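Input: a single structure, listed below in structure tokens.
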Amino acid sequence: MRPTTKDAYKLFHDGSIALSNVEANGMRIAVDSLDRAIAKTKRKIEKLTTKLQGDKVFKLWRREFGDRAALGKDQQLAHVLFKVMGYQSDARTAKAKQKVDQEVLDKIDLPFLKDYVKLKKYQKALGTNLMGIKREVVGDRIHPNFNLNIARTYRSSVDNPNSQNFP
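Numbering-wise (the working numbering), the sequence shown opens with residue 1088 and increments by one.
This is the structure:
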């Protein structure tokens, strides 16, 4: 279907009306389940953080960076892994710094890193997904904005929250 045909216009118009109804009516959220998921994820983050901070790798990390040592600072981790512990990786960022993304960390057989990757996933799930939903809840619903007028490819995008990216 070409975007300039009458059928394409009708599809786009009817889709806009349907999605505006979804925006107005909202999507029901089980707020109690959401709150339990947030609490459970926070507990997992606390448990993993405590475990990681007790590990010998983090002890090296703290020795290198003192009070500035923080699990969320990837360049500190890169320094500890590649300069202090001697692991090798050619992966670099655009600014020529050592990469410590999941792909790089998966290649290093170190239990600390398995837990570190898990921690990062839980933090992203909490901050981006769960708290993003919680922030937008009104009563027991969210009212995401469906944007059909933005993308030049005639596909929708969603924001506040981006429900297309919910895992």
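Note that the Cβ used here is the ideal one computed from N, Cα and C, for glycine as well.
Quantities reported herein were computed from a predicted structural model and do not represent experimental measurements.
- Ranked by Cα distance from A1111, the options V1225, F1253 and L1197 are led by V1225.
- Distance check between V1171 and each of A1178, R1179 and Q1162 places Q1162 closest, using alpha-carbon atoms only.
- In terms of Cα proximity to Q1210, the closest of E1133, S1120 and G1141 is E1133.
- The DSSP assignment places 1161-1165, 1189-1193, 1198-1211 and 1218-1223 as complete runs of the alpha helix (DSSP H) inside the region 1154-1226, in order along the chain (cut-off: 4 residues).
- In the DSSP assignment, N1112 falls within the alpha helix (DSSP H) that extends over K1093 to N1112.
- Between K1129 and the set P1198, F1233 and G1214, the nearest pair of CA atoms involves G1214.
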